[in-house]
Amino acid sequence: MLKHLDGDLFVADHDFSLLGTNIGTRTTVIRLSDGGLWVHSPGPMTGEWADAVDALGDVRFLVAPNDFHHLYLGEAMQRWPGAQCHGAPGVAGKQKGLSLAAELSGEPNPGWAADLDQIYIGGAPKVNEFAFRHGASGTLLLVDLVFNMRSRSLLESLFLRINGSVGLGTSRLMRFLLKDQEAARASVERILEWDFDRVIMAHGDILEQDAKASLRSSFDWLLSV
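Under the working numbering, the letters of the sequence shown match residues 214 to 438, in that order.
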């Protein structure tokens, strides 16, 4: 189901299994100031969340924010054929027949620039993740740069410990994919200059309290280098 978080900010949580463990994934929907809808990291077209999105208005933009979060982009394009599809560099080649209106860049698209800021997270060319900030709700949107996971079973606990992703932090896999720590650190420092009170990530619990301070603390391993 689609959950209303704040003002024009909504999320939908989905099941997603990795190596037999349900780490979940999350779609964020923002109603722009002109009334159009911006859909970040679209999930599977199952359940009722997509119907709830339609009830909010017209989907104008579909966004694949890194090179991993594109799996359901084709389904979303079929559901909302009038929407412009934007993806991180490399996304277009991930699926046969996937056509993008434009690649994401260091500057927000004019269609959402009045509502959202964005930063390319450097140093991880196999990920190409973008961070977004929704100013009206004071919300930072991340995808795989950090997890905020809690184990619900023995198998999940084992997986999360192996991946180094128990609680708020950057997984071992993501750290491995960060090939240029200086570039990544510069990107994180820019993100931390933004004003935000909430952090939504793709995997794990949303941060609603002390979000900026908690996020900064989770990057001690990078910022102190």
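All residues carry an ideal CB built from backbone N, CA and C; glycine is no exception.
Could you name the residues of the same chain whose beta carbon sits closer than 7 Å to that of residue i, not counting the 5 residues immediately before and after it, in chain order?
i      : result
Ala349 : Gly220, Asp221 and Asp328
Val272 : Leu250, Val252, Val266, Trp293 and Ala296
Gly440 : Residue 440 lies beyond the stretch modelled for the chain, which goes from 214 to 438, so this question has no answer here.
Pro255 : Thr240, Leu275, Tyr285, Leu286 and Ala289
Report buried or exposed for residue i, applying the criterion of at least 16 other Cβ atoms within 10 angstroms of its Cβ.
i      : result
Ala277 : buried
Phe343 : buried
Ser437 : exposed
Asp280 : buried
Ala415 : buried
Ala225 : buried
His282 : buried
Ala268 : exposed
Phe389 : exposed
May I ask you to report which of helix, strand or coil DSSP gives residue i?
i      : result
Lys425 : helix
Phe281 : coil
Gly295 : coil
Leu286 : helix
Arg346 : strand
Trp434 : helix
Met178 : Here the chain has residues from 214 to 438 only, and residue 178 is not among them.
Leu405 : helix
Leu218 : strand
Gly382 : strand
Glu316 : strand
Asp393 : coil
Asp330 : strand
Leu269 : helix
Val304 : helix
Arg398 : helix
Trp251 : strand
Measure from the alpha carbon of residue i to the alpha carbon of each residue in the options, then state which is nearest.
i      : options                           : result
Asp357 : Thr383, Phe345 and His347         : Thr383
Thr259 : Gly303, Glu402 and Glu288         : Glu288
Gln291 : Ala268, Gly303 and Ala263         : Ala263
Lys339 : Asp393, Gly324, Leu218 and Val224 : Asp393
Asp433 : Asn235, Leu381 and Ile236         : Leu381
Ile243 : Asn235, Ala301 and Lys216         : Lys216
Ser430 : Glu395, Gly324, Pro257 and Val359 : Val359
Glu406 : Phe389, His227, Ala426 and Asp228 : Ala426
Pro457 : Met214, Gly248, Leu218 and Glu395 : Beyond the ends of the chain as shown, which are 214 and 438, falls residue 457; an answer cannot be given.
Val401 : Leu353, Gly237 and Thr238         : Leu353
Asn361 : Phe229, Leu420 and Phe345         : Leu420
Phe223 : His347, Ala301 and Glu395         : His347
Note down, in chain order, each residue of its chain lying with its Cβ closer than 6 Å to the Cβ of residue i, except the 5 sequence neighbours on either side.
i      : result
Leu428 : Val412
Gly319 : Tyr333
Ser246 : Ala327 and Asp328
Arg403 : Ile332
Gly303 : Asp280 and Asn341
Residues in the same chain with beta-carbon distance under 8 Å from residue i, minus the five sequence neighbours each way, listed in chain order, please.
i      : result
Ala397 : Ile334, Gly335, Gly336, Ala337, Leu391 and Leu435
Ala315 : Gln297, His299 and Asn322
Ala305 : Leu311, Ser312, Leu313 and Glu316
Lys307 : Asp280 and His283
Gly248 : Gly270 and Asp271
Measure the beta-carbon distance from residue i to residue j and round it to whole angstroms, keeping in mind my assumption that it falls under 8 Å.
i      : j      : result
Asp423 : Arg363 : So it is not a contact: roughly 17 Å between Cβ atoms.
Would the beta-carbon of residue i be found less than 8 Å away from any heavy atom of the ligand MG?
i      : result
Asp271 : This structure simply doesn't include the ligand MG, nor any ligand for that matter.
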